[in-house]
Amino acid sequence: MLEKRIIIVWMMIVLSIFLTGCQPASDSILEPSKLFYVHDNSHTLLNATSWSVFNYGEALYIDSNNDAIPEFIQGSQVVVLTHVGDSSDIESTEIFNHWGIGKNNMGILIILYFSKDGDSYIFDNILFEIGQQMSEYLSAFEANNLITDYFYDPSIPTYDYDARLISLYHGVLSHIYLNVYNYTSYNHQSYMDGYYEIQYDYIRAIPKATFYDDIFGNYWFWIIVGLTILFGGSILQFIPLFFFSSGKSFRGHGGKSIGYWFKR
Amino acid sequence: MYILVGVILTFFIVVAALWISAYNGYVIKDNDISQKRGNVYAALSTRYEKMGAMIDAIESANTTVQGYLDTIMAARISFADALATNDLEAIDASVTEINSTFINLVSYVEDNPSSYNTTGLYASALAEFNASTNVVLNAILAYNQSVTNYNNHIKTFPNNMFVGSNASFEPYAVENYNKTLPTFSG
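Those sequence lines, one after another, are chains Z and X.
Oh and the first sequence: position 218 is 219 in the working numbering, straight run, nothing missing.
Oh and the second sequence: position 155 is 220 in the working numbering, straight run, nothing missing.
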C-alpha cells in the first residue's frame, strides 16, 4: 500500500515536471540570466568582465537601497546584455520591461551588438535604454557623452571591448553615485586598474539558469502538489526539487521603460 | 403563462446585461484612448523640446537650413495653439509638418557633415532626439493598440447593436517615427 502511494506521488512529480516543461516560454522573450546584471549567452565577454559587471551591479543595488536615500529613487540596477546577430532580432524595451530592471523604474539596460567573423566577435553597436524614473537623472544626451568619454576612450584599444564596456559601466555607475545619490567621489581610474589586474583571469564559472529554477513559479507545479496531497501523498516527497533549485537567483524589481533608448 | 413571463424576463435580463457590458466597455475603451492620446501629445511636446536643443547645436545656418528651421518654428506654434484649443485635426497637421521637416533637416545636416555634425554637442543632441523619438513611437503604438481594441469592441457582434453607431477612431500613422535616423560616427 505504501509502495503504491510512493509510486503515485513520484508519477505526480514527473508529470508536474513534464507539464511545466511543456509550457511555452512567455512569448519567446529573452529571459534574464541567473546573475541578472550580465547576460552573455554567446560568451563574447571575458569571464572577469562578466563577474566585474555582476559584482559592481549588485553593489550598486545594495548601496542604493540604503535607508538614507529617498524611497522613490532606491534600487538602481544597470544590466548588460550581449547579442550576436541582427539588432532587429531583439526588442530592447520589451526585454527591459520583462526583466523589470531597477526598483522604482531606476534601471538602465546596455546592449552590445556583435557580429561573428570566423571564431572572433566584432563589436557593431551599443544600445542604451534608460528607465522612466532614471531618465530624470540621466538623459540620452548625457548617456551619449558617457559613451563618448568612457566606451570610446582613446586610451583603450578599439579591439578591447571588454575594457571599454567596464570603463563605460563604471562611468555610468559614477554618474549614478555622484548625481543621483550625492556621493562625493567615485574613483573610476582605480576601478579600471583593479579590472586590468584580473582581466584575463578565470574567476569562476558563470552559473546558468536551470529548468528547476522556475518550477516553483509555475502553476502546474502547485496544481500537481495539491493533487498529490489530495491523493494522500506528502509535501515531503517534493523536497529533492528544493535541492535541485537551490542557489540564489538575482532578479529585477519591476522597473519600466517607456522606450527611451538610442543606439550608436 | 409563468413560462412566457419567465422567457420574456430572461430575454430582457440577457439584453440588459449585453447592453451594460457593451456600453461600459465602450466608455472604458474610449477613456483609454483619450489617456493614450494625451500620452502621445506629452511625448511629442517633450520631443519638440529636444528638437530645440538639437537646433541650437547647429551653429551656422545657410538658406536651406534656415528654411527648415522657420517651417519647424511656425509648425511648433501651430501645434501649441491647436493643443490649447484641442483641435485634433490641426494638431495632427502640425505634427506631420514638424516631423517631416525635421527629418529633412537631420538628413540635410548628415549629408553635409563638415559643416554641421562635427561637434560632440550635435552627436549627443541627435542621441537625445533619437531616444525621445522612440518614446513617441512607443506611445503611438500603445495608442494604436487601444484604438484597435476600441474599434473591435464597437464593431463586433453583439456590441455593434448597442454601441455600433459611435464613430471609430483612426490609428496614428507612424511614417515619421519608424524611420531609422542617420547615425553618426563615434
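Even for Gly, the Cβ is constructed at its ideal location relative to N, Cα and C.
- DSSP places Glu130/Z inside the beta strand (DSSP E), whose first and last residues are 121-131.
- For Asn98/Z, no Cβ of chain X is located within less than 8 Å of the residue's own Cβ.
- In the DSSP annotation of this structure, Tyr237/X is not part of any beta strand (DSSP E), being labelled neither H nor E.
- Here DSSP, grouped into helix, strand and coil, assigns Thr83/Z to strand.
- Between the alpha carbons of Pro208/Z and Gly58/Z lies a distance of about 16 Å.
- The continuous beta strand (DSSP E) containing Phe263/Z extends over residues 262-264.
- Flagged as an interface residue toward chain Z: Val200/X, by a C-beta distance shorter than 8 Å.
- Here the region 78-98 of chain Z makes contact with the region 48-62 of chain Z; the two share three or more CB pairs at distances below 8 Å.
- Taking 4 residues as the minimum length, the alpha helix (DSSP H) runs contained wholly in the region 173-208 of chain Z are 189-199, in order along the chain.
- Exposure of Gln210/X is indicated by the presence of fewer than 16 other C-beta atoms within 10 angstroms of its C-beta.
- For Ile259/Z, the neighbours in chain X by C-beta distance under 7 Å run, in chain order, Val200, Asn203.
- Nothing from the region 223-242 of chain X brings a Cβ to less than 7 Å from some Cβ of chain Z.
- Asn195/X has a beta carbon lying within less than 8 Å of a beta carbon in chain Z.
- Contact of Ser189/X with chain Z by beta-carbon distance below 7 Å involves Phe142, Asn145, Asn146.
- Residue state for Ile219/X is assigned as helix, using DSSP reduced to three classes.
- Between Phe152/Z and Ile127/Z a beta carbon distance of about 6 Å is seen, short of the 8 Å cut, so the two are scored as contacting.
- Taking the Cβ atoms as the reference, Ala192/X lies roughly 26 Å from Phe73/Z, outside the contact range of under 8 Å.
- Contact of Ala192/X with chain Z is assigned, a C-beta pair being separated by under 8 Å.
- Going by DSSP, Leu170/X is part of the alpha helix (DSSP H) stretching over 153-176.
- Cβ-Cβ separation between Ile123/Z and Ala144/Z: approximately 23 Å, too far for a contact (criterion under 8 Å).
- Its chain contains Leu110, Ile112, Leu128, Glu130, Trp262 as the residues whose beta carbon lies nearer than 7 Å to that of Ser93/Z, once the 5 sequence neighbours on both sides are disregarded; these appear in chain order.
- Among the CB atoms of chain X, one or more fall inside 8 Å of the CB of Phe263/Z.
- In this chain, the beta strand (DSSP E) harbouring Phe115/Z covers 108-118.
- Residues are counted here when their Cβ sits less than 7 Å from a Cβ of chain X; for the region 87-114 of chain Z these are Thr94, given in chain order.
- Under the DSSP definition of a beta bridge, Gln100/X lacks any partner.
- Sequence-distant Cβ neighbours of Gly229/X in its own chain, meaning closer than 8 Å and more than five residues away, are Ile219, Lys220.
- Ranking Ala141/Z, Asn106/Z, Tyr162/Z by CA distance to the CA of Ser258/Z puts Asn106/Z first.
- Nearest in C-alpha terms to Ala49/Z, of all of Ser29/Z, Asn183/Z, Ile199/Z, is Ile199/Z.
- The C-beta distance from Leu134/X to Ile120/X rounds to 6 Å, short enough to meet the 8 Å contact threshold.
- One alpha carbon belongs to Leu47/Z, the other to Ala206/Z, and they sit about 11 Å apart.
- Assignment of Gln131/X by DSSP, reduced to helix, strand and coil, places it in the helix class.
- Under the 8 Å Cβ criterion, the region 79-99 of chain X does not count as touching the region 188-203 of chain X, having fewer than three qualifying pairs.
- Here Tyr162/Z has Phe124 as same chain residues with Cβ atoms under 6 Å from its own Cβ, once five neighbours each way along the sequence are excluded.
- In the three-state reduction of the DSSP assignment, His40/Z falls in the strand class, which pools E and B.
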